[in-house]
Amino acid sequence: MSNLHPVVERVTARIIAKSKDGRQRYLDLMDREAERFPNRSALSCSNLAHGFAAALEDKGAIRSGRGANLAIVTAYNDMLSAHQPYGRYPEAMKLYAREVGATAQVAGGVPAMCDGVTQGQDGMELSLFSRDTIALSAAVAMSHAMFDGMALLGICDKIVPGLVIGALRFGHLPAIFVPSGPMPSGLANKDKQKVRQLYAEGKATRADLLESESASYHSPGTCTFYGTANSNQMMMELMGLHVPGASFVPPNTPLRSALTRKAVHRLAEIGREGTDYRPMGRVVDERAIVNACVGLLATGGSTNHAIHLPAMARAAGIKLDWQDLDELSSVVPLIARVYPNGGADVNHFHAAGGMGYVIRQLLDAGLAHGDILTVATGGMAAYADEPFLDGDALAFRPSPAVSGDPTIISPVSAPFHPDGGMRLVQGNLGRATFKTSAVGADRYTIEAPARVFDSQDGVQAAFKAGELDRDVVVVVRFQGPRANGMPELHKLTPPLGVLQDKGFKVALVTDGRMSGASGKIPAAIHVTPEALNGGTLALVQDGDVIRLCAHTGALEVLTDLTGRLPAEAPSETMGMGRELFAMLRRHADGAEQGGSAMLAEAGL
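Residue numbers (the working numbering): 469 to 1072.
Right, dumping it as structure tokens:
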């Protein structure tokens, strides 16, 4: 680690030290699992016969144990644009497997809900816990002990973290994530946001809004803004779980198909029976987790990963907290401007040099670990290359040495911002995340009276009534994992943006989430402990003065709260299946630990 930036080296060493016992327990478990289930021959004849009964032309190979049998765990549905292309992946992947003497079976499906569809709706209260449901579903898929590797088909918000968590519990096997790529660019994100704000002001009709949204989200592929889904793809590259350069190649193109073919071939090569064994549990180590954090900060990625990264790390026996993220953020510069912290979308980012350029910059500056084990040969340096087609053959070349558009991607030597823009703020209100990369520096400090709400609908009503036309810190509490599943609160962005544009000093403080599309409003999000779990937010009342400061890391109420009793939490609601998730709400731990009942109850 001698070529590393000293802060990256120090944070990595601290994570390794505090994870020592948990990481060793995890690795010991993976070694035991590898010994207990060396391959499908460990199954009884009856077990095995059930496993290949419907394998048709692959039946003979699976039965005889000839070649690797690869599990396809898919998040396909054709309602979610990013996952619609996966519909025909399995049949193609089976052909690719046969080309190298392997076989592939769809081991199982996992749910894939769309936060874009459920945003502001009752279903959003299932969103965070869908991650744990996905992890459980992936475990069910892999529980048949039929497989020698895992091809993981998932892209969006909770889906990739859920697949990572589930797959890591089978980390004695190799795993590769197989993306499908972003949709073509549509209506510019800044124009879409303008219509949303006009609608919030009553200056645009619902028909205008629907036309704008439809022009933005318009075809198969990932949404093109840089939210949680595209941040997932970036992290899979920096953790070494993709074929290099796979993140942002469009769906249904020859290069996309070639990358999927390469993923299948490579997965067959890195199994335990070959000479290049690369189990997922060894790929995802402390250095890989740090790389994911660094990539998130350097590109201005989604704040949702302040929750998902600790959860994913826990599944591999690794302890990561917000202090680690904060210290990394202090030295990792922002070198990408992609909406919502810039005007470009991910297609523009990819064309300007994309992940290859970013990774080369981070490695050259000593900000990322280059020596990690990846699914590709050559370590992280392989991810500084970009894929292309040489005739019909997949090939790789060095990524551009110079940014194709310096307004979108900059070198580390001339960043858009000197730090990664994800700050830890803390004080007598708890600990929270403040994403500064999309917020003007003149708004890093807000001190104003609070207006307290227990729902985002309450904020909307007060805004429409003109009650928020002043300097204000909007507090939205009882939005944490234990209260209502920690939904994203995107409905708050347009009205708060209107207030800010009117010249008021506005901030948001909440134990809920805002994700990668949080926008330009100063916000302390993920406040922990949450209001329902002993948090000070439950004591705050209208008029209390709150100070939020990204410069000093302060999150504090300046009013004396002595003698106050906590506000009564709203009653639990039923409908849209929310009652089925009551157990997960009851036992969820804090946002900084990942907000997971599943991991907490498992002792991970």
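Where a beta carbon is used, it is the ideal one built from N, C-alpha and C, also for glycine.
Which whole-angstrom value describes the C-beta separation of residue i and residue j, a residue pair presumed to lie in contact below a C-beta threshold of 8 Å?
i            : j           : result
residue 595  : residue 955 : 6 Å
residue 998  : residue 948 : 3 Å
residue 827  : residue 786 : Rounded, the Cβ-Cβ distance is 21 Å, inconsistent with contact.
residue 455  : residue 815 : Lying before the first or after the last residue shown, residue 455 is absent from the chain, which here runs from 469 to 1072.
residue 942  : residue 919 : 6 Å
residue 769  : residue 694 : 7 Å
residue 774  : residue 793 : 6 Å
residue 969  : residue 945 : Wrong, their Cβ atoms sit about 26 Å apart, outside the cutoff.
residue 731  : residue 711 : 5 Å
residue 615  : residue 704 : 20 Å between Cβ atoms; not a contact.
residue 655  : residue 687 : So it is not a contact: roughly 12 Å between Cβ atoms.
residue 519  : residue 508 : 7 Å
residue 1019 : residue 913 : 6 Å
residue 877  : residue 804 : 5 Å
residue 767  : residue 982 : Actually they do not touch by this definition, with Cβ atoms about 17 Å apart.
As a quick exercise: from the options, pick the residue whose alpha carbon is nearest that of residue i.
i            : options               : result
residue 618  : 606, 627, 625, 629    : 606
residue 1052 : 600, 495, 506, 717    : 600
residue 696  : 777, 934, 653         : 777
residue 851  : 1040, 831, 551, 539   : 831
residue 637  : 1025, 743, 782        : 782
residue 835  : 796, 938, 639         : 796
residue 498  : 749, 958, 646         : 749
residue 1029 : 691, 1040, 1012, 1045 : 1012
residue 789  : 890, 633, 732         : 890
residue 630  : 475, 792, 542         : 542
residue 485  : 753, 928, 672, 967    : 753
residue 517  : 505, 503, 532, 506    : 532
residue 762  : 747, 823, 930, 860    : 823
residue 1062 : 589, 598, 580         : 598
residue 581  : 591, 573, 574, 932    : 591
residue 990  : 967, 996, 662, 1009   : 967
residue 960  : 953, 1042, 936, 820   : 936
residue 784  : 725, 791, 527, 496    : 496
residue 689  : 489, 547, 480, 1044   : 547
residue 855  : 722, 699, 557         : 722
residue 741  : 577, 1033, 570        : 570
residue 729  : 860, 865, 604         : 860
residue 928  : 669, 844, 494, 682    : 669
residue 661  : 585, 808, 1010, 504   : 808
Is it the case that the Cβ atoms of residue i and residue j are separated by a distance below 7 Å?
i            : j            : result
residue 1065 : residue 1056 : yes
residue 900  : residue 992  : yes
residue 643  : residue 620  : yes
residue 587  : residue 885  : no
residue 759  : residue 837  : yes
residue 1113 : residue 888  : Residue coverage of the chain in this structure runs from 469 to 1072, which leaves residue 1113 outside it and unanswerable.
residue 988  : residue 906  : yes
residue 536  : residue 736  : yes
residue 839  : residue 846  : no
residue 530  : residue 574  : no
residue 1015 : residue 1026 : yes
residue 880  : residue 829  : yes
residue 719  : residue 653  : no
residue 802  : residue 883  : yes
residue 1054 : residue 593  : no
residue 895  : residue 1022 : yes
residue 583  : residue 692  : no
residue 964  : residue 974  : yes
residue 747  : residue 640  : yes
residue 550  : residue 623  : yes
residue 677  : residue 667  : yes
residue 708  : residue 842  : yes
residue 953  : residue 871  : no
residue 1034 : residue 1007 : yes
Just grab the DSSP bridge partners of residue i for me.
i            : result
residue 858  : 861
residue 573  : 539
residue 922  : Note: residue 922 sits in no beta bridge, so no partner.
residue 903  : 890
residue 618  : 539, 643
residue 1031 : The partner list for residue 1031 (beta bridge, DSSP) is empty, contrary to what the question assumes.
residue 885  : 802
Chain C beta carbons: is any one of them nearer than 7 Å to that of residue i?
i           : result
residue 850 : The displayed structure is made up of one protein chain only, and chain C is not part of it.
(request) Return the chain-ordered ranges of every beta strand (DSSP E) run that is complete within the stretch 620-699 and spans a minimum of 3 residues. (result) If we require 3 residues or more, the beta strand (DSSP E) runs fully inside the stretch 620-699 come out as 643-645.
(request) Enumerate, from N- to C-terminal direction, the unbroken beta strand (DSSP E) stretches of 3 or more residues contained entirely within the stretch 973-1027. (result) 974-978, 991-996, 1013-1017, 1022-1025
(message) Ignoring anything shorter than 4 residues, give me the alpha helix (DSSP H) runs that lie fully in the stretch 752-828, in order along the chain.
(response) 754-767, 773-783, 790-797, 814-819
(message) Which runs of the alpha helix (DSSP H) at least 4 residues long sit entirely within the stretch 492-566? Give them in chain order.
(response) 513-520, 527-532
(request) Quick one: which unbroken beta strand (DSSP E) runs of 3-plus residues sit fully inside the stretch 916-969? Chain order, please. (result) 940-944
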